[in-house]
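*Asks:*
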Amino acid sequence: MDKNRYSITDLAEEFQVTSRTIRFYEDKGMVSPERDGLTRIYSRSDRARLKLILRGRRLGFSLQDIKKMIDLYDPEADSKEQLKFTLQKCEDQLGKLKSQRHDIDEAIDELETSISDLMTHLNDAANDGKKLA
DNA sequence: TTTCTCACA
DNA sequence: TGTGAGAA
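And the structure:
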């Protein structure tokens, strides 16, 4: 326990993603594990980065944006600028999600109205049938 | 088991 | 933003 070395399958299992996905993120330059020959060896900080990537993904950020945000972890990064960038992206994303929620609420209202109207018409049609019989 | 690469949605 | 398959 308390090891600083993780295999790709360790992390894949822990975070419920496929090893393909982890290599995909590496391809995008979002994680850069050590190598033992060809085999990837992930450290605690690689693991932390992966965790941040996945959190960003849950929040709906693009991989490109996530990459810029977590480059906070790089030494010598201009952390004030990075924090500003992250803050701005969070505000943008919050706005997008709220806007989407608004659209969804409107769609739900319309559907409920439609369903209610349709049921009324169905009942009317049924009653007309009884009168004519 | 893990890797790489190419194709594909 | 990922996945599948083939080959090593």
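Residue numbers (the working numbering): 948 to 1080.
For glycine and all other residues, C-beta sits at the position ideal for the given N, C-alpha and C.
Report the rounded CA-to-CA distance for proline 980 versus aspartate 1018, giving the unit in angstroms.
*Replies:* 15 Å
*Asks:* Would you give the residue range spanned by the beta strand (DSSP E) that arginine 982 belongs to?
*Replies:* Arginine 982 -> beta strand (DSSP E) spans 981-983.
*Asks:* When you compare only the Cα positions, how much space is there between leucine 1010 and aspartate 993?
*Replies:* 16 Å
*Asks:* If you draw a straight line from the alpha carbon of glycine 1042 to that of threonine 968, how long is it in whole angstroms?
*Replies:* 28 Å
*Asks:* Looking at C-beta atoms only, is the number of pairs between the region 998-1012 and the region 1029-1047 that lie closer than 8 Å three or more?
*Replies:* Yes, the region 998-1012 touches the region 1029-1047.
*Asks:* Let me make sure I understand the geometry here. Which of Arg952, Asp1039, Thr956 has the alpha-carbon closest to that of leucine 1006?
*Replies:* Ranked by how close their Cα comes to the Cα of leucine 1006, the residues Arg952, Asp1039, Thr956 have Asp1039 in first place.
*Asks:* Is it the case that the Cβ atoms of tyrosine 972 and isoleucine 955 are separated by a distance below 8 Å?
*Replies:* no
*Asks:* Relative to the alpha-carbon of threonine 986, which residue among Phe962, Arg952, Lys998 has its alpha-carbon at the smallest distance?
*Replies:* Arg952
*Asks:* Phenylalanine 1008 and lysine 1036 look like a contact to me (Cβ under 8 Å); what is the Cβ gap, rounded to whole Å?
*Replies:* 7 Å
*Asks:* Can you list, in chain order, the residues of its chain with a C-beta nearer than 7 Å to that of arginine 991? Leave out the 5 residues immediately preceding and following it.
*Replies:* Asn951
*Asks:* Output the distance between the C-alpha atoms of arginine 996 and threonine 1067, rounded to the nearest integer angstrom.
*Replies:* 56 Å
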